[in-house]
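Participant: The structure's right below; bear with me while I get my questions together.
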Amino acid sequence: MSTDPVSALASLVGTGVTLERPSDAEHGDYATNAALRLAGARRQAPREIATELVETAQALPEVEHAEIAGPGFVNLFLVDAWFVGALRAILDAGEEFGCGWPERRERVQVEMVSANPTGPITVAHARNGAYGDSVARLLAFAGHDVSREYYYNDTGAQMDRFRASVEAARRGEEPPEDGYHGAYVKELAERPGDPVAEMLRSIEASLKRFRVHFDSWARQSVLEERLSDLLPRLDTYEQDGALWARSSTYGDEEDRVLIRSDGGAATYRAADVAYLVDKLERGIDRAIYVLGADHHGTRNWYAAIARMLGYDPNRVEVLLYQLVHLTRGGEQTKMSKRRGDVVFLDDFMDEIGVDAARWYLVKSGPDQTIEIDVDLAAEKSQKNPVYYVQYAHARIAGIIRNAGDAKVSADLIGGLAVEERELIKRLAELPAVAADAAEKRGPQGIPQYAIRVADDFHRFYHEHRVLESEQQAFRLALCRATQTVIARCLDLIGVEAPERM
RNA sequence: GCGCCCGUAGCUCAGGGGACAGAGCAGCGGACUUCUAAUCCGCGGGUCGCAGGUUCGAAUCCUGCCGGGCGCACCA
Numbered sequence: 004m005s006t007d008p009v010s011a012l013a014s015l016v017g018t019g020v021t022l023e024r025p026s027d028a029e030h031g032d033y034a035t036n037a038a039l040r041l042a043g044a045r046r047q048a049p050r051e052i053a054t055e056l057v058e059t060a061q062a063l064p065e066v067e068h069a070e071i072a073g074p075g076f077v078n079l080f081l082v083d084a085w086f087v088g089a090l091r092a093i094l095d096a097g098e099e100f101g102c103g104w105p106e107r108r109e110r111v112q113v114e115m116v117s118a119n120p121t122g123p124i125t126v127a128h129a130r131n132g133a134y135g136d137s138v139a140r141l142l143a144f145a146g147h148d149v150s151r152e153y154y155y156n157d158t159g160a161q162m163d164r165f166r167a168s169v170e171a172a173r174r175g176e177e178p179p180e181d182g183y184h185g186a187y188v189k190e191l192a193e194r195p196g197d198p199v200a201e202m203l204r205s206i207e208a209s210l211k212r213f214r215v216h217f218d219s220w221a222r223q224s225v226l227e228e229r230l231s232d233l234l235p236r237l238d239t240y241e242q243d244g245a246l247w248a249r250s251s252t253y254g255d256e257e258d259r260v261l262i263r264s265d266g267g268a269a270t271y272r273a274a275d276v277a278y279l280v281d282k283l284e285r286g287i288d289r290a291i292y293v294l295g296a297d298h299h300g301t302r303n304w305y306a307a308i309a310r311m312l313g314y315d316p317n318r319v320e321v322l323l324y325q326l327v328h329l330t331r332g333g334e335q336t337k338m339s340k341r342r343g344d345v346v347f348l349d350d351f352m353d354e355i356g357v358d359a360a361r362w363y364l365v366k367s368g369p370d371q372t373i374e375i376d377v378d379l380a381a382e383k384s385q386k387n388p389v390y391y392v393q394y395a396h397a398r399i400a401g402i403i404r405n406a407g408d409a410k411v412s413a414d415l416i417g418g419l420a421v422e423e424r425e426l427i428k429r430l431a432e433l434p435a436v437a438a439d440a441a442e443k444r445g446p447q448g449i450p451q452y453a454i455r456v457a458d459d460f461h462r463f464y465h466e467h468r469v470l471e472s473e474q475q476a477f478r479l480a481l482c483r484a485t486q487t488v489i490a491r492c493l494d495l496i497g498v499e500a501p502e503r504m
């Protein structure tokens with residue numbers, strides 16, 4: 004990647020201090036709190052340090068002028084040439100703009116969704132997919148080798164109940180009391196073959212439509228076969244007729260049962276062990292688990308078994324996200340908890356569209372519970388900010404279409420307008436925004452940033468003509484760079500970047 | 001009872017040590033002979049749950065409360 008103009012400036016202020024874009028343009032193009040931060044260590048007055056910094060900064064060719072503000076902030080105002088350089092860097096990088104080149108490229112596996120195939124994917128599962136997939140996209144963009152896997156159970160009590168329910172339906176009977184009662188059971192009954200395989204195909208299709216694609220699928224029954232070889236490697240003990248893993252001494256909250264006392268069947272936790280070993284022995288450097296908050300009680304379990312088996316626990320990472328609460332018509336109908344609370348992803352996508360669905364499920368941070376009023380989400384679909392961002396992209400596509408093969412150049416004629424400066428500064432933030440989102444496993448930063456970019460573009464568009472203006476070539480370059488950035492943001496969260504709307 | 005997450009504008013949420021706390025939606029008022037008005041500009045709206053503490057500086061960090069969600073299975 005070519006030099007990031009922002010980081011070039013960042014090297015000015017040293018480590019541990021921030022170079023920020025102030026919200027108020029009065030405070031310059033960039034500002035730093037370096038003097039405040041260094042004051043303690045240097046035992047020097049902040050404004051004294053700031054004075055030094057101002058002198059240093061002013062000597063730089065990129066800096067038009069620098070000034071001290073408030074308790075010791077240093078505000079930097081940059082020359083047009085800096086903006087031109089920043090724009091050129093984006094155009095030179097093209098599709099690669101903002102991507103990372105890590106010193107050590109990791110093989111990362113993101114295991115996500117992993118809902119058992121006893122029914123269609125729900126909106127709750129979809130959050131797992133939207134979040135996990137965006138994290139995967141961010142890590143890939145950060146330069147890692149990422150794969151996505153879906154893990155499911157194909158044996159055991161739940162699956163037996165599921166199969167029995169479909170069998171009953173095939174005989175024209177009602178499903179067992181503890182079975183599955185959804186309408187989809189009857190639909191499955193009409194198709195031949197193993198309903199589990201059929202259900203999986205249907206789940207895969209839903210997720211594909213949701214733009215979550217898997218590289219591989221892991222089955223619990225296959226993994227369980229390797230258990231007997233693994234058990235001796237584990238730290239276990241027998242109690243009450245069951246076999247326990249001594250996980251609490253390896254960082255877990257408690258010990259977990261591996262083999263049940265009632266007949267020696269392996270538990271799901273036992274399969275976890277086989278699965279983790281499988282992952283780590285496959286050559287995956289980092290195994291990421293994406294789990295809903297209802298599983299947070301086991302967040303330390305995975306690293307604990309890694310430790311128990313002698314693997315580096317840092318290779319295991321558990322990402323938790325809070326649940327999705329659904330309501331209908333704004334009424335917190337507690338009664339719906341039992342039946343109506345479940346909304347299938349397919350229906351959700353039918354109602355609000357794939358783009359809005361992806362956006363909606365990823366725009367909030369993983370720690371935030373998402374409240375969705377299904378009726379309102381459908382009704383408000385046109386007001387969803389996702390369309391605001393897409394519209395900016397489509398607008399640019401229109402301009403570029405109309406421009407035909409006109410010249411595109413970052414060479415500036417005349418001075419830069421405020422809107423152009425603001426937009427370029429915004430575009431230059433992408434590498435930092437993407438890196439931060441990847442690092443924090445927080446894709447919600449992307450939609451937030453994308454709105455800012457669209458904001459700045461719409462303002463620029465409103466104030467300045469692109470085509471048939473004196474600065475046409477330069478502004479076309481600016482449009483193209485903006486389009487690249489918006490398209491990248493949307494791609495990172497699995498939303499389409501339309502050419503027309 | 002214990003553990004994790006969350007309380008920020010009427011609603012949905014950003015921001016997680018720095019300069020007057022931000023967006024979208026909702027409300028009100030303006031702007032289209034112009035590359036897409038799904039746009040732009042303006043206005044109103046806040047004790048950042050409460051109380052202490054750390055700091056030059058706290059929505060942000062610490063402690064304690066209050067309120068909500070989710071867990072605490074030989075289910076997954």
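Quick note: the first sequence uses this note's numbering, first residue 4, plus one each step.
Even glycine gets a Cβ: it sits at the ideal position worked out from N, Cα and C.
Quick one: complete beta strand (DSSP E) runs, 3+ long, within the segment 274-302?
Facilitator: Correct list: 289-295.
Participant: Applying the criterion that 16 or more other CB atoms from any shown protein chain within 10 Å of the CB defines a buried residue, is Met338 buried or exposed?
Facilitator: For the purposes of this step, residue 338 is identified with residue 335 of the first sequence, where counting begins at 1. With a pLDDT of 37 at Met338, under the threshold of 50, the modelled position of that residue is not reliable, and the figure given next carries that caveat. By the 10 Å Cβ count, Met338 comes out exposed.
Participant: Could you tell me which residues DSSP puts in a beta bridge with Glu109?
Facilitator: Taking the first residue of the first sequence as position 1, residue 109 is located at position 106. Glu109 is not bridged to any residue.
Participant: For Ala127, which residues in the same chain have their Cβ closer than 6 Å to its Cβ, ignoring the five residues on either side in sequence?
Facilitator: Against the first sequence, residue 127 aligns to sequence position 124. Same-chain partners within the cutoff: Val327.
Participant: For Ile449, count the other beta carbons within 10 Å of its own beta carbon; 16 or more makes it buried, fewer makes it exposed. Which is it?
Facilitator: Here residue 449 refers to the residue found at position 446 of the first sequence. Classification of Ile449: buried, given that the 10 Å Cβ count is 16 or more.
Participant: Does DSSP put Trp104 in a helix, a strand or coil?
Facilitator: The count along the first sequence starts at 1 and reaches residue 104 at position 101. It is coil, neither helix nor strand.
Participant: Buried or exposed: Arg186, going by 16 or more other Cβ atoms within 10 Å of its Cβ?
Facilitator: What you label residue 186 is simply residue 183 of the first sequence in a count that begins at 1. Residue identity differs from the one stated: residue 186 is Ala in this sequence, not Arg. Its Cβ having fewer than 16 others within 10 Å, Ala186 is exposed.
Participant: Can you tell me where the beta strand (DSSP E) with Arg404 in it begins and where it stops?
Facilitator: Along the first sequence, read from residue 1 onward, the residue named residue 404 stands at position 401. No beta strand (DSSP E) holds Arg404; the alpha helix (DSSP H) holding it covers Pro388 to Ala406.
Participant: For Ala192 versus Val169, is the C-beta spacing smaller than 7 Å?
Facilitator: If you number the first sequence from 1, residue 192 lands on position 189. If you number the first sequence from 1, residue 169 lands on position 166. Cβ atoms of Ala192 and Val169: closer than 7 Å.
Participant: Would you tell me roughly how many angstroms separate the C-alpha atoms of Val87 and Glu65, rounded to the nearest one?
Facilitator: The residue given as residue 87 occupies position 84 in the first sequence. The residue given as residue 65 occupies position 62 in the first sequence. Cα to Cα, Val87 sits roughly 11 Å from Glu65.
Participant: Give the range of the alpha helix (DSSP H) segment to which Ser150 is assigned.
Facilitator: In the first sequence, counting from the first residue as 1, residue 150 sits at position 147. Premise fails: Ser150 lies in the beta strand (DSSP E), Asp148 to Tyr155, not in any alpha helix (DSSP H).
Participant: Using CA atoms only, rank isn't needed, just tell me which of Gly175, Lys282 and Arg236 is closest to Ser219.
Facilitator: In the first sequence, the residue the question calls residue 219 occupies position 216. Checked all of Gly175, Lys282 and Arg236; the closest Cα to Ser219 is Lys282.
Participant: State the CB to CB distance for the pair Ala409 and Leu481, rounded to an integer number of angstroms; the pair is presumed to be in contact (CB under 8 Å).
Facilitator: As a working note, residue 409 is residue 406 in the first sequence. As a working note, residue 481 is residue 478 in the first sequence. Not really, about 14 Å apart at Cβ, beyond 8 Å.
Participant: Give a yes or no on whether the C-beta atoms belonging to Tyr155 and Pro120 are separated by under 7 Å.
Facilitator: Numbered from its first residue, the first sequence carries residue 155 at position 152. Numbered from its first residue, the first sequence carries residue 120 at position 117. Yes, the Cβ-Cβ distance between Tyr155 and Pro120 is below 7 Å.
Participant: Verify whether the separation of the beta carbon atoms of Glu23 and Ala37 is less than 7 Å.
Facilitator: Along the first sequence, one-based indexing puts residue 23 at 20. Along the first sequence, one-based indexing puts residue 37 at 34. Going by C-beta atoms, Glu23 is not nearer than 7 Å to Ala37.
Participant: Please state if the CB of Glu320 and the CB of Ile291 are separated by a distance shorter than 7 Å.
Facilitator: Here residue 291 corresponds to residue number 288 of the first sequence, with the count starting at 1. Here residue 320 corresponds to residue number 317 of the first sequence, with the count starting at 1. Yes, Cβ-Cβ distance for Ile291 and Glu320 is below 7 Å.
Participant: Leaving aside the five residues before and after Leu210 along the sequence, list all residues of the same chain whose C-beta is less than 7 Å from its C-beta, in chain order.
Facilitator: Taking the first sequence and counting its residues from 1, one reaches residue 210 at position 207. Counting only Cβ-Cβ distances below 7 Å, and skipping sequence neighbours, we find Val116, Ile124 and Gly132.
Participant: Is His128 helix, strand or coil by DSSP?
Facilitator: In the first sequence, the residue the question calls residue 128 occupies position 125. Helix.
Participant: Return helix, strand or coil for Tyr183, following the three-state DSSP convention.
Facilitator: Taking the first residue of the first sequence as 1, we reach residue 183 at position 180. Reduced to three states, the DSSP call for Tyr183 is coil.
Participant: What is the residue span of the alpha helix (DSSP H) that Glu29 lies within?
Facilitator: On the first sequence, residue 29 is found 26 positions in, with the first residue counted as 1. Note, Glu29: premise wrong, no alpha helix (DSSP H); not H, not E.
Participant: When burial is assigned at 16 or more other CB atoms within 10 Å of the CB, is Thr372 buried or exposed?
Facilitator: Locating residue 372 in the first sequence gives position 369, counting from the first residue. Result: exposed.
Participant: Please report the distance separating the alpha-carbon of Glu228 from that of Leu234.
Facilitator: Translated into positions along the first sequence, residue 228 becomes position 225. Translated into positions along the first sequence, residue 234 becomes position 231. Rounded to whole angstroms, Glu228 to Leu234 spans 11 Å at the Cα level.
Participant: Checking the sheet assignment: what are the DSSP bridge partners for Phe80?
Facilitator: Counting from 1 along the first sequence, the entry for residue 80 is found at position 77. Answer is His68, bridged to Phe80.
Participant: Where do the N-terminal and C-terminal ends of the beta strand (DSSP E) with Ala221 fall, by residue?
Facilitator: Here residue 221 refers to the residue found at position 218 when the first sequence is read from its first residue. Unbroken beta strand (DSSP E) run through Ala221: Ser219 to Arg222.
Participant: Just grab the DSSP bridge partners of Leu323 for me.
Facilitator: For the purposes of this step, residue 323 is identified with residue 320 of the first sequence, where counting begins at 1. In DSSP, Leu323 forms a bridge with Leu294.
Participant: Can you look up Glu502 in the DSSP assignment and give me helix, strand or coil?
Facilitator: Counting from one through the first sequence, the residue named residue 502 turns up at place 499. Glu502: coil per DSSP, three-state reduction.
Participant: If I measure Cβ to Cβ from Ile416 and keep anything under 7 Å in the same chain, skipping five residues before and after, which residues do I get?
Facilitator: For the purposes of this step, residue 416 is taken as residue 413 along the first sequence, with counting starting at 1. Answer for Ile416: Glu473, Gln474 and Phe477, listed in chain order.
Participant: Using DSSP with H/G/I as helix, E/B as strand and the rest coil, what is Tyr363?
Facilitator: Position 360 of the first sequence, counting from 1, holds the residue named residue 363. Tyr363: helix per DSSP, three-state reduction.
Participant: Between the beta-carbon of Ala221 and the beta-carbon of Glu284, is there less than 7 Å?
Facilitator: Residue 221 sits at position 218 when you count from the first residue of the first sequence. Residue 284 sits at position 281 when you count from the first residue of the first sequence. Not in contact: Ala221 and Glu284 (Cβ atoms no closer than 7 Å).
Participant: Roughly how many whole angstroms lie between the Cα atoms of Gly31 and His147?
Facilitator: Within the first sequence, the letter at position 28 stands for residue 31. Within the first sequence, the letter at position 144 stands for residue 147. Going by the C-alpha atoms only, they are around 36 Å apart.
Participant: Would you be able to state if there are at least three C-beta pairs under 8 Å between the segment 411-427 and the segment 459-470?
Facilitator: With a cut-off of 8 Å, the segment 411-427 and the segment 459-470 count as touching, because enough Cβ pairs lie within range.
Participant: Roughly how many whole angstroms lie between the Cα atoms of Met162 and His184?
Facilitator: Here residue 162 refers to the residue found at position 159 when the first sequence is read from its first residue. Here residue 184 refers to the residue found at position 181 when the first sequence is read from its first residue. Using only the alpha carbons, I get a separation of about 14 Å.
Participant: For Lys386 and Ala245, what's the separation of their Cα atoms in angstroms?
Facilitator: Locating residue 386 in the first sequence gives position 383, where the first residue counts as 1. Locating residue 245 in the first sequence gives position 242, where the first residue counts as 1. The alpha-carbon atoms of Lys386 and Ala245 are separated by roughly 56 Å.
Participant: Determine, using beta carbons only, whether Ala307 and Gly254 come nearer to each other than 7 Å.
Facilitator: Against the first sequence, residue 307 aligns to sequence position 304. Against the first sequence, residue 254 aligns to sequence position 251. Yes, the pair counts as a contact, with Cβ atoms nearer than the cut-off.
Participant: Pull up the distance between the alpha-carbon of Arg259 and that of Trp247, whole angstroms please.
Facilitator: Residue 259 sits at position 256 when you count from the first residue of the first sequence. Residue 247 sits at position 244 when you count from the first residue of the first sequence. Each residue's Cα considered, the two are about 5 Å apart.
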